[in-house]
Each structure stands twice: as structure tokens, then as C-alpha cells.
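Undergrad:
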Amino acid sequence: MRNSLGVMWRQRVLSVVVLFVVAHISATMEQEDGCRPSSCGKITNITHPFRLKGDPIGCGDKRYELACENDVTVLYLYWGKYNVEAINYDNFTVRVVDPGLQQQNCSSLPRYFLSLTNFSDAIYYYDTTDPYQASYYSFDDGVEHEHVFQHIVLLNCSHPVADNHKYVNTASCVNGQSKSKGYIYAIAGDLKAEDFEVGCHVKVVTPTSWWGLDTDRDTDTYSYTTILEALLYGFDISWMTHACDHECGNLSAQRSDCYFDSSKHALRCDKQGKHASLVLPRFREGLVQWINLGVVKNINLSHWYYRFLEIVCKIASIS
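FYI, the numbering for the sequence shown is -27 to -1, 1 to 292, going by mature numbering (1 follows the signal peptide of the UniProt record, and there is no 0).
1. Compare the beta carbon distance of residue 142 and residue 158 with 8 Å and say whether it is the shorter of the two.
2. Let me know the secondary structure DSSP gives residue 39 once reduced to three states.
3. By Cβ distance, which residues of its chain are closer than 6 Å to residue 61, with the 5 residues on each side in sequence left out?
4. Can you give me the C-alpha to C-alpha distance between residue 37 and residue 236, rounded to a whole angstrom?
5. Identify which residue in 134, 175, 78 and 75 has its Cα closest to the Cα of residue 124.
6. How is residue 148 classed by DSSP in three states: helix, strand or coil?
7. What would DSSP say about residue 55, mapped onto helix, strand or coil?
8. Count the other CB atoms, across all protein chains shown, that sit within 10 Å of the CB of residue 171; report buried if there are 16 or more and exposed otherwise.
9. Who are the Cβ neighbours of residue 72 in its own chain at under 7 Å, not counting the five residues just before and after it?
10. Is it right to say residue 52 is buried, meaning 16 or more other beta carbons lie within 10 angstroms of its own, or is it exposed?
11. In whole angstroms, give me the CA-to-CA distance for residue 204 and residue 139.
12. Going straight from the alpha carbon of residue 220 to that of residue 14, what length do you get?
13. Given a cut-off of 8 Å on the beta-carbon distance, is the pair residue 199 and residue 185 in contact?
14. Can you tell me whether DSSP reads residue 90 as helix, strand or coil?
15. If we ignore side chains and look at the alpha-carbon of each, how far apart do residue 11 and residue 22 end up?
16. Return the chain-ordered list of same chain residues with a C-beta closer than 6 Å to the C-beta of residue 46, the five sequence neighbours on each side being excluded.
17. With a threshold of 16 other CB atoms inside 10 Å of the CB of residue 196, please say whether the residue is buried or exposed.
18. With residue 231 as the anchor, note down where its beta strand (DSSP E) starts and where it stops.
19. Among 165, 118 and 9, whose alpha-carbon lies nearest the alpha-carbon of residue 137?
20. Under the three-state reduction of DSSP, which class applies to residue 218: helix, strand or coil?
21. Which residues bound the beta strand (DSSP E) around residue 240?
22. By the three-class DSSP mapping on this structure, what secondary structure does residue 161 have?
23. Tell me the rounded alpha-carbon separation between residue 168 and residue 67.
24. Could you please give the first and the last residue of the uninterrupted beta strand (DSSP E) stretch that includes residue 62?
25. Just confirm the distance between the C-beta atoms of residue 208 and residue 122, as a whole number of angstroms; I'd bet it's less than 8 Å.
26. Return the Cβ separation of residue 109 and residue 211 in integer angstroms, given the expectation that the two are a contact with Cβ distance under 8 Å.
27. Take residue 50 as the anchor and find which of 32, 70, 65 and 59 has the nearest alpha-carbon.
Below is the structure:
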């Protein structure tokens, strides 16, 4: 008798728990569906997964919370605060710009040091520890791994650099350059060891997603007006892994792949995990290629690699 009562009691408790969970999920879905887009300044389409600080609980994802400060939409990323220029829900990117850059002031410079290696997917192709990624997989004629931005490197040199076309002189805009304060130059793309001039050090590295820069072509020479346009355009970061998990399920657990089909502007799920390219950790190609301590080349540098390269170059110049 006691056993049967115990079984009935457990069944009732289980039924209540199931009903509570179902009701909670339904209420959450209804609340999410009923969330209206938020707006701040020129950004009028803030909706899931994004939310604006102060939005009702259940609207958007807390990891993608934006702030509205002085009528400007702001995204806090790592140690920096960036102004949001656009949110693209078709290709799962948000474009932001460094607040140190000002449209009407060509002498303004980026405030924050940011590069590919700040993002966890620069080391692991698929990583959900960060809400944002610096790359994604696209599918057109085949699967390609693409970065959503490239670097612009600003250097401070103790002397003028005249014989290196990659060094773009900023003197036409940036005021106060002199022998005592140094001379500021800009380089589009990653800085290789062979491009490092004696007496120069990295001032800041900042991203850009502007279409007008082709940093793969070493013969291109840019004016600082072009560099500044690229800086003011800002850079994209992706939230594609969040969209993939929502569309395809947990990729890591299922060993599935997820791509962005640019022809259809939609995600594609590979449940078989034929490529397994998003779930297997790999080091990014070209991150470091060493010859010896004195001769270092073909390095795609970012973040602390720039600092380390300065030391290597100084040692090489002394020896």
C-alpha cells in the first residue's frame, strides 16, 4: 500500500514539474515573440539576439546586450567600448567603430588596441566561449574560411621613413609630429618582419572591414585619406556561431558543420560533419613561420606578436 502511494506521489510531482517546465518555456517563447525591436540613435533594428540595456527580461540574449549612451548605440567588447554603426541580420555581423575616431577630425586616432588574436576563434576555428567571432565559414563554390576584418597598424618612428612604400605618412592629418615626438605612419594589413623599420614601434593595431583595401597586393600604395576612410568605416564582428547553434543545434556535441551560403544568404547545416572544420581545434594558417631568430618572415602578426617582433628586430639589428 505504501509503495503504491509512493509511486502515485512521485508521478504527481513529476507531472507538476513537467507542466511547470512546459509553461515556463511557452511563456518565454511568447515573451520573445512579443518583444518589439529597440532603437537608439541611428540603430533602429535592435532585436534578437541583441537587446538594449533596460529591455524587458526575456527579450534578446544577455551576451549581446548593447547600451544607449548619449543617443549612440554602444557595444562593450573586451576592455573597449565601440560605437555601433550597423547590425546586419542577413549575414550575422555587427559593424562597430573605435570611438577615438571622429568624422570631422582627421588627426583623430583609434583608442583601443584590437586584433584577430583577441578573439578565441583566431586559435580555434569553432569556439563558442566568445559571443563574437572574427571569422566565419562561407559556402559559394566551396567552403572557405574568411576573416571579417583586416588590420591597420599605426607606428611611431623616431625618424622619417622615405624608402618603404608600405609606410603611409600621416603628417597631412596627424598634428604635432617632430623629431622629439616621433613620426606616425600607417600600414594597411599585417606587419611582416621584413617591413619593420629600425627606430619604429607599434602604436596601435585596429581592424577595418572597408572594401577599398586589398592588403594581399604588396604593390599597392595608399594615401592616408584612404586609410582614414577605412578606419572611419569601422569593422565587422560575427555572431554566426550563435546563429548556427540556434539553426543547427549544438555543433560541438553533434560534430556537425555550419556554413553561410552567400548565394542564398542563409545558413547551411551539415549534420554528418563531413568536413568537421568547425569542431576540430586547429591553429590558424600562417600565424607564425620561423626561419631562425635573426631572420623571421611570412608572419601574419597581431596583438602581442607585434610587441615580440620589435624585440626580435632590435636583437637582430644589434647582432
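Yeah, the Cβ is synthetic: ideal placement off N, Cα and C, and Gly gets one too.
TA: Concretely, from the data shown:
1. yes
2. strand
3. none
4. 27 Å
5. Closest option to residue 124, Cα to Cα, is 175.
6. coil
7. Strand.
8. exposed
9. 54, 55, 56 and 84
10. exposed
11. 17 Å
12. 30 Å
13. yes
14. helix
15. 12 Å
16. 13, 14, 16, 39 and 57
17. Classification of residue 196: exposed, given that the 10 Å Cβ count is below 16.
18. Start and end: 230 to 234.
19. 165
20. In this structure, residue 218 counts as helix in the three-state DSSP scheme.
21. 239 to 243
22. strand
23. 32 Å
24. Looking at the DSSP string, residue 62 is not in any beta strand (DSSP E), and its letter there is neither H nor E.
25. 4 Å
26. About 5 Å separates the Cβ atoms of residue 109 and residue 211, confirming a contact at the 8 Å cut-off.
27. Comparing Cα positions, the closest option is 70.
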